[in-house]
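Trainee: Residue numbers (the working numbering): 3 to 336.
Even glycine gets a Cβ: it sits at the ideal position worked out from N, Cα and C.
Quantities reported herein were computed from a predicted structural model and do not represent experimental measurements.
The structure's right below; bear with me while I get my questions together.
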Amino acid sequence: MIGNIVLTHPLLLAPMAGITDLPYRLITRSFGCELAFLEMVSSRSLVHASERTSRMLSSAAEDRPLGVQLLGNEEGDVLKALEKIRPRGFDVIDLNAACPVPKIIKKGKGASLLREPKKVKSLLEILVKNAEVPVTVKIRAGWDRDTVNARDVALHAEDAGISALTIHGRTRQQGYSGRVDYAVIHEVKKALSISVIASGDAFSPQLIRKMFHETGCDAVAVARGSLGNPWIFRDTISFLASGTIPERPAPGEIADTMRRHLDLTCAFYGDRRGAIRFRKLFSWYVKGLHDIRTMKEEAFRAQTREQMISFIENIRGCAYRHPEGAYEGFALSC
Ligand SMILES: Cc1cc2nc3c(=O)[nH]c(=O)nc-3n(C[C@H](O)[C@H](O)[C@H](O)COP(=O)(O)O)c2cc1C
Numbered sequence: 003m004i005g006n007i008v009l010t011h012p013l014l015l016a017p018m019a020g021i022t023d024l025p026y027r028l029i030t031r032s033f034g035c036e037l038a039f040l041e042m043v044s045s046r047s048l049v050h051a052s053e054r055t056s057r058m059l060s061s062a063a064e065d066r067p068l069g070v071q072l073l074g075n076e077e078g079d080v081l082k083a084l085e086k087i088r089p090r091g092f093d094v095i096d097l098n099a100a101c102p103v104p105k106i107i108k109k110g111k112g113a114s115l116l117r118e119p120k121k122v123k124s125l126l127e128i129l130v131k132n133a134e135v136p137v138t139v140k141i142r143a144g145w146d147r148d149t150v151n152a153r154d155v156a157l158h159a160e161d162a163g164i165s166a167l168t169i170h171g172r173t174r175q176q177g178y179s180g181r182v183d184y185a186v187i188h189e190v191k192k193a194l195s196i197s198v199i200a201s202g203d204a205f206s207p208q209l210i211r212k213m214f215h216e217t218g219c220d221a222v223a224v225a226r227g228s229l230g231n232p233w234i235f236r237d238t239i240s241f242l243a244s245g246t247i248p249e250r251p252a253p254g255e256i257a258d259t260m261r262r263h264l265d266l267t268c269a270f271y272g273d274r275r276g277a278i279r280f281r282k283l284f285s286w287y288v289k290g291l292h293d294i295r296t297m298k299e300e301a302f303r304a305q306t307r308e309q310m311i312s313f314i315e316n317i318r319g320c321a322y323r324h325p326e327g328a329y330e331g332f333a334l335s336c
């Protein structure tokens with residue numbers, strides 16, 4: 003479906019800066035995610051390879067297939083970045099033409115590239131010519147409400163010889179708010195012959211199925227819907243196959259998964275940094291549990307792995323706020 007990569011299930015983990023590190027990816031993979039992306043990495047910082055960048059690129063044998071996403075707008079930088087990452091043997095190389103963050107936009111990178119379809123094409127041509135693995139691009143619906151040009155950008159990208167394209171169905175102006183625009187994704191899907199991966203509001207199995215129905219996309223990239231809910235992969239695989247969703251995890255199972263995630267995070271960053279990094283993950287995992295506010299606030303001040311473990315162990319005794327309800331994370335009605 004993406005070059006030589008064939009997925010059993012049409013789902014992947016989208017890149018999320020500051021989130022989709024090795025521990026996060028290993029956890030989502032354990033619930034059925036097959037293809038995952040690292041968080042975006044700047045081509046420039048790759049050239050000057052800092053220790054932080056090198057950690058960001060870390061992987062493991064069971065962390066495959068794995069895509070890396072480059073951020074950049076200069077052919078020279080992108081080419082040098084490609085040389086730097088070549089020995090790591092990533093399975094997919096993606097170009098970011100979607101990031102809406104002002105400091106990235108100011109430098110003409112990320113979603114700024116949407117205003118220069120020809121540049122997107124030339125950057126991708128360089129990557130396609132020099133990479134041994136499939137090259138993809140991630141775009142948005144357009145720059146703003148008045149410039150929804152995803153189809154044009156996508157056609158330029160396809161001309162460069164890429165293997166697949168991901169489209170986040172929001173404009174740069176929307177950032178992450180407002181509803182995803184299914185029509186623009188559908189328009190891109192109709193125009194291209196390569197695989198189209200859709201992104202936006204993939205918050206529940208129902209919304210993911212809706213994405214397939216409304217857009218005809220080949221796969222869906224799961225992003226915020228996986229925060230504290232790696233079960234979304236298991237649930238969606240089941241829902242797409244049989245229309246049924248397994249029972250949501252009991253608090254004990256949530257605690258087991260949190261422990262696994264915390265252990266991986268501490269092994270990766272060290273105990274102290276790992277515990278601090280886990281704070282936000284803690285609050286995502288416990289969403290929907292009853293009377294959790296105080297514990298969440300306390301866990302947000304945890305300084306050590308041991309403190310974090312004791313908060314996680316307390317989860318076992320919790321109940322859901324709505325005993326019969328569905329997962330409450332980012333769920334929107336469909
Ligand atoms: C915290 C955060 C970080 C993100 N980082 C990246 C990134 O590095 N590269 C990228 O292409 N998209 C990034 N995204 C966008 C997601 O991959 C996805 O396209 C977007 O969240 C829409 O999907 P959703 O509505 O299902 O969350 C990020 C999103 C979030 C919330």
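Using 8 Å as the Cβ pair cut-off and three pairs as the minimum, do the segment 58–68 and the segment 97–112 touch?
Mentor: Touching, no.
Trainee: Going by the C-beta, is Arg46 closer than 6 Å to any heavy atom of ligand 2?
Mentor: No copy of ligand 2 occurs in the structure displayed; its ligands are ligand 1 alone.
Trainee: In chain order, what residues of the same chain lie with their CB nearer than 6 Å to the CB of Pro136, ignoring the 5 residues before and after it?
Mentor: Counting from one through the sequence shown, the residue named residue 136 turns up at place 134. Result list for Pro136: Ile4, Gly5, Val94, Ser165, in chain order.
Trainee: Could you spell out where the alpha helix (DSSP H) holding Asp96 opens and where it closes?
Mentor: Position 94 of the sequence shown holds residue 96. Counting along the chain, Asp96 falls outside any alpha helix (DSSP H), though it belongs to the beta strand (DSSP E) covering 94–99.
Trainee: Kindly indicate the opening and closing residues of the alpha helix (DSSP H) around Gln71.
Mentor: The residue labelled residue 71 in the question sits at position 69 within the sequence shown. Note, Gln71: premise wrong, no alpha helix (DSSP H); beta strand (DSSP E) at 68–73.
Trainee: How would you label Asp203, buried or exposed, when you count the other beta carbons within 10 angstroms and need 16 or more for buried?
Mentor: As a working mapping, residue 203 is identified with position 201 in the sequence shown. Counting Cβ neighbours within 10 Å, Asp203 comes out buried, since at least 16 surround it.
Trainee: Going by Cα to Cα distance, which pick from Val222, Arg275, Thr217 is closest to Lys192?
Mentor: In the sequence shown, counting from the first residue as 1, residue 192 sits at position 190. For Lys192, the nearest C-alpha among the options comes from Thr217.
Trainee: Ligand 1 heavy atoms versus the CB of Gly319: any closer than 6 Å?
Mentor: As a working note, residue 319 is residue 317 in the sequence shown. Incorrect: Gly319 has no Cβ contact closer than 6 Å to ligand 1.
Trainee: Checking 7 Å against the spacing of the C-beta atoms, do Val186 and Ala152 come in under that value?
Mentor: The residue labelled residue 186 in the question sits at position 184 within the sequence shown. The residue labelled residue 152 in the question sits at position 150 within the sequence shown. Cβ distance < 7 Å, so Val186 and Ala152 count as in contact.
Trainee: Helix, strand or coil, according to DSSP, for His170 in the structure here?
Mentor: Here residue 170 is taken as the residue at index 168 of the sequence shown, counted from 1. DSSP places His170 in strand when its eight states are reduced to three.
Trainee: Taking the alpha carbon of Val8 as the point to measure from, which residue in Ile169, Ala159, Arg318, Ser197 has its own alpha carbon closest?
Mentor: Along the sequence shown, read from residue 1 onward, the residue named residue 8 stands at position 6. When each option's Cα is compared against that of Val8, the closest is Ser197.
Trainee: For Ile317 and Ile141, what's the separation of their Cα atoms in angstroms?
Mentor: Position 315 of the sequence shown, counted from the first residue, corresponds to residue 317. Position 139 of the sequence shown, counted from the first residue, corresponds to residue 141. C-alpha separation (whole angstroms): 39 Å.
Trainee: Within 10 Å of its beta-carbon, does Thr10 have 16 or more other beta-carbons around it, so buried, or fewer, so exposed?
Mentor: Position 8 of the sequence shown holds residue 10. Classification for Thr10: exposed.
Trainee: Please determine whether the Cβ atom of Ala16 lies at a distance below 6 Å from any heavy atom of ligand 1.
Mentor: As a working note, residue 16 is residue 14 in the sequence shown. Because some heavy atom of ligand 1 lies under 6 Å away, the Cβ of Ala16 counts as near it: yes.
Trainee: If contacts are defined as beta-carbon pairs under 8 Å, then Glu38 and Leu73 qualify, I think. What distance do you get, rounded to the angstrom?
Mentor: Here residue 38 refers to the residue found at position 36 when the sequence shown is read from its first residue. Here residue 73 refers to the residue found at position 71 when the sequence shown is read from its first residue. Note that residue 38 is Ala in the sequence shown here, rather than Glu. Rounded, the Cβ-Cβ distance is 18 Å, inconsistent with contact.
Trainee: Does the beta-carbon distance from Trp145 to Leu115 come in below 7 Å?
Mentor: Taking the sequence shown and counting its residues from 1, the one referred to as residue 145 is at position 143. Taking the sequence shown and counting its residues from 1, the one referred to as residue 115 is at position 113. Not a contact, by the Cβ cut-off of 7 Å.
Trainee: What does Leu209 pair with, by DSSP beta-bridge criteria?
Mentor: Residue mapping note: residue 209 aligns to position 207 of the sequence shown, counting from 1. Beta-bridge pairing links Leu209 to no other residue.
Trainee: May I ask you to check if the CB of Arg226 is nearer than 6 Å to at least one heavy atom of ligand 1?
Mentor: Along the sequence shown, read from residue 1 onward, the residue named residue 226 stands at position 224. Checking the Cβ of Arg226 against ligand 1 gives yes.
Trainee: At a threshold of 6 Å, does Asn231 count as lining ligand 1 (C-beta to nearest heavy atom)?
Mentor: One-based indexing of the sequence shown puts residue 231 at position 229. Incorrect: Asn231 has no Cβ contact closer than 6 Å to ligand 1.
Trainee: Rounded C-beta distance between Arg172 and Asp183? I'm assuming under 8 Å.
Mentor: Numbered from 1 along the sequence shown, position 170 holds the residue referred to as residue 172. Numbered from 1 along the sequence shown, position 181 holds the residue referred to as residue 183. Indeed they touch by this definition, with Cβ atoms about 7 Å apart.
Trainee: Rounded to whole angstroms, what's the CA-CA distance from Leu48 to Gln71? Just pull it up for me.
Mentor: Your numbering for residue 48 matches position 46 in the sequence shown. Your numbering for residue 71 matches position 69 in the sequence shown. Leu48 and Gln71: Cα-Cα distance of roughly 12 Å.
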